[in-house]
Each structure stands twice: as structure tokens, then as C-alpha cells.
Amino acid sequence: MAIDRRQFLRYGATGSIVAAVGVSAASSAPFPAPRFLGEPFSLGVASGEPTPDGVVLWTRLAPDPLAPDGYGGMPVDPVTVDYEVAEDERFTKVVVRGSAVATRALGHSVHPEVTGLAPDRWYYYRFRAGSAISPVGRTRTAPPPDRPTQRMRFAFASCQSWSSGYYTAYEHMAAEDLDLVVHLGDYIYESSWVVARRGVKLPPQLEGEAVDLAGYRLRYAQAKAEAPLQAAHAAFPWLVTFDDHELDNNWAGEHPGLGNDVHRLPFLFRRRKAAAFQAMYEHQPMRLAQLPSGSSIRLHRRYRFGDLAEFTMIDTRQYRDEQACGDGKAVLDCADRYSTGRSILGAAQRDWLVDGFAASTARWQILGNQVAMAESDYDPGPDLLLGTDAWDGYIADRNAVLGAAVDHDVANLVVITGDRHENYVADLHRDYTDPESPVVATEFTGTSISTGGDGEDFPDTGRALLAANPHMRFYNKQRGYVRVELDHELWRNDFRVVPYVRSPGAPISTRASFVVQDGIPGTIEA
Numbered sequence: 001m002a003i004d005r006r007q008f009l010r011y012g013a014t015g016s017i018v019a020a021v022g023v024s025a026a027s028s029a030p031f032p033a034p035r036f037l038g039e040p041f042s043l044g045v046a047s048g049e050p051t052p053d054g055v056v057l058w059t060r061l062a063p064d065p066l067a068p069d070g071y072g073g074m075p076v077d078p079v080t081v082d083y084e085v086a087e088d089e090r091f092t093k094v095v096v097r098g099s100a101v102a103t104r105a106l107g108h109s110v111h112p113e114v115t116g117l118a119p120d121r122w123y124y125y126r127f128r129a130g131s132a133i134s135p136v137g138r139t140r141t142a143p144p145p146d147r148p149t150q151r152m153r154f155a156f157a158s159c160q161s162w163s164s165g166y167y168t169a170y171e172h173m174a175a176e177d178l179d180l181v182v183h184l185g186d187y188i189y190e191s192s193w194v195v196a197r198r199g200v201k202l203p204p205q206l207e208g209e210a211v212d213l214a215g216y217r218l219r220y221a222q223a224k225a226e227a228p229l230q231a232a233h234a235a236f237p238w239l240v241t242f243d244d245h246e247l248d249n250n251w252a253g254e255h256p257g258l259g260n261d262v263h264r265l266p267f268l269f270r271r272r273k274a275a276a277f278q279a280m281y282e283h284q285p286m287r288l289a290q291l292p293s294g295s296s297i298r299l300h301r302r303y304r305f306g307d308l309a310e311f312t313m314i315d316t317r318q319y320r321d322e323q324a325c326g327d328g329k330a331v332l333d334c335a336d337r338y339s340t341g342r343s344i345l346g347a348a349q350r351d352w353l354v355d356g357f358a359a360s361t362a363r364w365q366i367l368g369n370q371v372a373m374a375e376s377d378y379d380p381g382p383d384l385l386l387g388t389d390a391w392d393g394y395i396a397d398r399n400a401v402l403g404a405a406v407d408h409d410v411a412n413l414v415v416i417t418g419d420r421h422e423n424y425v426a427d428l429h430r431d432y433t434d435p436e437s438p439v440v441a442t443e444f445t446g447t448s449i450s451t452g453g454d455g456e457d458f459p460d461t462g463r464a465l466l467a468a469n470p471h472m473r474f475y476n477k478q479r480g481y482v483r484v485e486l487d488h489e490l491w492r493n494d495f496r497v498v499p500y501v502r503s504p505g506a507p508i509s510t511r512a513s514f515v516v517q518d519g520i521p522g523t524i525e526a
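In terms of full-length UniProt numbering, the sequence shown has 91 at position 91, counting the first letter as 1, and numbering is strictly consecutive.
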């Protein structure tokens, strides 16, 4: 089902801020909620994309979130959803009231963009549909770009296959002292290849592979119905992007991945992309600027936190050329990896990224990246055994980006990465073919929330990877997330891990910590 953009914008006008105006009573709402709506806020609440004066809020009305048709048990009619933002959790000091219209065209989701807030402070928010009131969420605005900012804490995560394990890590993340959460992709998986959760059985509508809007909506609903994930969303604002499994395993630009054979036909793959992108927008705290247009969506964007940090979220899927030498698996002797005509970013996004290096005055430049940037040789011997789905398959782009960081004197570039289901630390060199090439930046790759099952501390594959890659400093294959604390002198990176995910209730611990010093590329163990 295509989005009627004109209808969306017409309804969206009612979602503008109405400061100091009372919330409409349910009976007088322009689009009243059905009398017997049940529990419409079953998927929780979220916020994201914070600026110094505002934030985007999110919820989706879904009293029956796993209804097979993908509509969440909602009727056809639109519903007015009221929201409040307050300085306190009891809502005695409400600063913004407004309403948005939840329509069937967007799965009865709403994304009100709140402005007029004070910078660098925490707020609380909630929604109402009819007589139903949502859980309370907490969010915060960013410090102004030119304001001296002493400290920031954030976490990053990726890869949360529902069928592979429980989202226990999010229980612990929700209890952290954080300003922001960054999700680097694989928020859902289009298919449940392995059901490793103990004590669960997939309902029939979640078997097989998602290829249409209903299928993708169901997989987001399955994930967002999880209490630990809801708690982490409600506790902090998020920045979100995608990798491959939000659509199709190892997809690349206009080229389908390794999934459904019929949907490899170009016109069917474009339709599948449009469905996947719409479902993503419907379930994430994204701004109108991220509303998909057919089979395209703009996900590369920047977020500033005072004078301390700038996050540059890139998109390494939508504009890339097809993988070199096969479907992305590790290969030997692949000359196409070095072709200057192949890109993982696309020329326009690469120029945008490099221009940002030149313009930013933030102390730390943080690149929100999906697939591994550092060279990852899987053969400890003399041969180079390299996967081509990551930056190893797009050498010219890697050298261009890291070379631009040197040329523009980016002193503190740190790349945060998902995808691999492993924790590791790597020095990023300007050119890995040159033994004398300088270290330009540090890459911290975070493990999965659940993908891959329980994992293990230090398997043989990790030993081989460290032996083959002297620029790699650490390896671990447990599940969890990464916690970061930074100030003007130091970046501290803590790998937070749980011992198992096939059963709930696992404890959390810090497996290792590394630091990066201001002005000194590379990392040392804390």
C-alpha cells in the first residue's frame, strides 16, 4: 500500500505544537477513538532525533499488534492522538500539549515533532487516545552546538533477531545513565532462520520471510512488544538507521540480497523496498524528513551535542554498488575490491560526509556506520581472505573517507559499527596496503543484542582474526551493547555483555574497556 503523501501532510498539520492549550476531550476530538479500543499502546512509546529546542515523539496504536493483516487490530478510521510534554514525571508542569492524527495509511503511527523546548534538559512525555493513556517516556534536548559541554554518555547497539534470543541487554541498558542511544541496524530480521528462544513458538503469520508491508509490520510489532526494548526506548532519545535485515539479507542498492527468489525481480524488489522502508518509518521515532518516498528514504543525517560531539549517521546500503566477487562472503584475490568506480556510499553521500569533516567544530567526530570499516582478514597466513559486503569490498571509498579525515585535520574521528555480532577494536589506517600508512581513527564494533544465540567469550575465530590483523586490539563474541562516555580529553568505551540470551534474566558485566585520547588516533586498553 503506497503512502498518500498529500493526505499525510494534511493530517500532519494537526500535529503542530499547541502550547498552553488544553488537550481535547475524547468526545470532542476531530477523529475520536473507538469506544472499545482495548490497549492501544501495546508497542510502547519512543523519542528521537533531539535538537537543542525539540525532539520527535513516537507511538503506534495497536491493540492487537500481531493481527495477521498487519494493521494492529485498528479500524479503518483515523484517530486523534493527544500528547503532553512536561518538566516532571507527574505532569504538574506541562510545557507542550498537542495532537496528531493516526491514520491507517501509516499503520496508525504518529511522529509529532515538538519544538520550543529548553536546550540541554530532560523532559517527560505521554500520549492519549480516547480514554487510554500511554506509558510515560523520558527524553532530552541537546545542548546548543556552541555551548561548552563537559560530558556525554551514550550506548550503541545492533542486530536483534527476535527468534535468536531474549532482549535482556535492553533491561540493563534502560538502567544506565545515558543521554542517547544509537541503533546501527538490523532492528528486525526479515526471516526467523533459527528459533533459539527457549519456551517460545512462532505464530503462523511470523513464519517464512517478510516481503510485503504486513510482513514487515508484524516483525516490528514482534520486536517492539518486548518489555526490555520498550523500557530502553522510553528511557532515552534514540538515533536509528538500518542495515540489511530490515529489508533483505545483504541487499545492495538496487540489487536484492540472498532472500526470496521471486522478489529478486526488479519491479518486485522495488515494491518490497518501499514496504520495508515504510514499516521502518512507522515504527521508529523519525522526523518527516525521513518519511519514505516510494523505494527511497533519506537516512544519512547529523546530530550535534554541544561543542563535544557530532554524530554523522551514514547509509551504507541504499546507494552502494553490488558486492564484488559474489554475494559478500569472504573471498581471495578479488581485484574488483580496488575499483575506483565502485562505492559503498554513492558519490553524493560521500561528498556530504567529507564536507561535514571540513565544517564541523565538535571535539569528537562520530561516524554511525553499519558494516565493518577496518580491514578484516580471516586468514592468519599470507593470503588476504576478505569479505566484500563490508568496506573491504569498497577500498576506494574507504581510502577516500579516511584520506579526507587526514586532509581536513579531523583529530578525533571514531567509527561505531554493528553487523558483525562481535565486539572488537581496530585502528583505522589511511591505506592498508601501505605498512607505513598512519592511523587515522579508531573503530569500535559492537556485538549483537541477540543474533547468533548465546555467543562465547573468545572462540577460535577470534584468535585467528587477531592473529591475521595486527591493527585489531580486542575480540569477544558475547551478546550485549557498547557504552561510551566522553569529555574533551578522553573517550571511554565499555563492552557490556550478558552470558546468555536463549533464556531471560542474564546479568550484565563489562568485558573490557578501551580509551581514546584527545588528538591521538588509536586506542589503548583502560
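Every residue gets a Cβ at the ideal spot worked out from N, C-alpha and C, and that includes glycine.
- With a cutoff of 8 Å on beta-carbon distance, valine 482 and glycine 446 are scored as near each other.
- Between leucine 247 and glycine 368 a beta carbon distance of about 18 Å is seen, past the 8 Å cut, so the two are scored as non-contacting.
- Arginine 430 and serine 163 have their C-alpha atoms some 39 Å from each other.
- In this structure, the beta-carbon distance from histidine 488 to leucine 299 does not fall below 8 Å.
- Between alanine 441 and proline 521 a beta carbon distance of about 6 Å is seen, short of the 8 Å cut, so the two are scored as contacting.
- Relative to alanine 62, the option among His283, Tyr125 and Ile297 whose CA is nearest is His283.
- When only Cα atoms are considered, alanine 411 and arginine 342 end up about 28 Å apart.
- Out of Pro435, Asp397, Glu456 and Phe41, the CA that lies nearest to the CA of asparagine 423 is found in Glu456.
- The C-beta of phenylalanine 267 has fewer than 16 other C-beta atoms within 10 Å across all chains shown, which makes the residue exposed.
- DSSP links alanine 252 through a beta bridge to His255.
- With 16 or more other Cβ atoms inside 10 Å of its own Cβ, proline 40 counts as buried.
- Ala512 is the residue among Val95, Ala512 and Pro504 whose C-alpha sits nearest the C-alpha of phenylalanine 458.
- Residue burial is scored here from C-beta neighbours: serine 296 has fewer than 16 other C-beta atoms within 10 angstroms and is therefore classed as exposed.
- Listed in chain order, the non-local C-beta contacts of arginine 151 below 8 Å within the same chain comprise Leu308, Glu485, Leu486 and Asp487, local neighbours out to five positions each way being set aside.
- In this structure the stretch 43-52 lies against the stretch 129-138, because at least three pairs of beta carbons, one per stretch, are closer than 8 Å.
- The alpha-carbon separation between asparagine 250 and arginine 35 amounts to approximately 45 Å.
- Closest in alpha carbon position to leucine 288, among Pro112, Trp193, Asn493 and Ser158, is Pro112.
- In the three-state reduction of the DSSP assignment, methionine 280 falls in the helix class.
- Counting only the Cα atoms, valine 401 lies some 23 Å from glutamate 254.
- Under the Cβ criterion (8 Å, minimum of three pairs), the stretch 195-214 does not count as touching the stretch 145-159.
- Assigned with DSSP and collapsed to three states, proline 78 falls in coil, not helix or strand.
- Counting only residues of its own chain and dropping the five nearest sequence neighbours on each side, proline 148 has a CB closer than 8 Å to the CB of Gly306 and Asp307.
- Sorting Tyr124, Gln230 and Glu190 by C-alpha distance to the C-alpha of arginine 219 places Glu190 at the top.
- Cα atoms of alanine 105 and tryptophan 58: separation of roughly 16 Å, rounded to the nearest angstrom.
- Excluding its 5 nearest sequence neighbours in each direction, tyrosine 378 has C-beta neighbours in its own chain below 6 Å: Ala330 and Leu385, listed in chain order.
- In the three-state scheme derived from DSSP, where H, G and I count as helix and E and B as strand, phenylalanine 36 is classed as coil.
- Less than 8 Å divides the Cβ of tyrosine 83 from the Cβ of alanine 100.
- Taking the Cα of serine 131 as reference, the smallest distance to any Cα among Ala33, Val114 and Met173 is reached at Ala33.
- Non-local beta-carbon contacts of arginine 320 in its own chain, meaning distances under 8 Å to residues more than five positions away in sequence, involve Ala252, Gly253, Ser343, Ile344, Leu345, Gly346 and Tyr394 in chain order.
- In terms of Cα proximity to alanine 223, the closest of Ala467, Gly165 and Pro499 is Gly165.
- In the DSSP annotation of this structure, the continuous segment of the beta strand (DSSP E) that includes leucine 367 starts and ends at 364-369.
- For threonine 461, the enclosing alpha helix (DSSP H) begins and ends at 460-468.
- A straight line joining the alpha-carbon of aspartate 355 with that of threonine 510 spans about 36 Å.
- Setting aside the 5 residues that flank it on each side, glycine 259 is surrounded in the same chain by Glu209, Asp248 and Asn249, each with a C-beta closer than 6 Å to its C-beta; the list follows chain order.
- Annotated three-state conformation of isoleucine 344 is coil, per DSSP.
- Taking 8 Å as the cut-off, the beta carbon of leucine 413 is found no closer than this to the beta carbon of methionine 373.
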